[in-house]
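Notes follow the structure.
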Amino acid sequence: MKTITASERDIILDVTGEGLTALPAAVLEKDLLVTEILDRMRSLDTGSMMLVFCGGTSLSKAHGLLERMSEDIDFKVIVPEGLSRNEKAKD
């Protein structure tokens, strides 16, 4: 299982210890991991399919419209029309 680095942990403890956020350290750690997952997913080769980041986390992380922390990440897989079952399986 992926964990945060010692440096990231120290920053989180400093931020929470100094009262710079009301969020618990565990929530900030989850947010770091969610952000890393999103960064890694940017470079995925999805073939002809499209992966769309959606839901509350997208409104918060990508658009800054919600001030909340989420434990899940929602995606939609958009499959081009007209692909055969074999083509879908390859992608």
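In this note's numbering, the protein residues as written are 667 to 757.
Ideal Cβ positions, reconstructed from N, Cα and C, are used throughout, including at glycine.
Q) Is it buried or exposed for residue 694, if we count other Cβ within 10 angstroms and need 16 for buried? A) buried
Q | residue 743 in three-state terms, based on DSSP | A | strand
Q: Note down, in chain order, each residue of its chain lying with its Cβ closer than 6 angstroms to the Cβ of residue 746, except the 5 sequence neighbours on either side.
A: 714
Q) Curious, which full-length alpha helix (DSSP H) runs of at least 4 residues does the segment 676-738 contain? A) 691-707, 722-727
Q. For residue 701, which residues from the same chain have a beta carbon less than 8 angstroms from its beta carbon, with the 5 sequence-adjacent residues on both sides left out?
A. 727
Q: Could you tell me which of 717, 737, 749, 721 sits nearest to residue 743, measuring between CA atoms?
A: 717
Q. By a C-beta neighbour count over all protein chains shown, 10 Å radius and 16 as the cutoff for buried, is residue 678 buried or exposed?
A. buried
Q. Is residue 699 near residue 670, with beta carbons less than 8 angstroms apart?
A. yes
**Q.** residue 697 and residue 667 closer than 8 angstroms at C-beta
**A.** no
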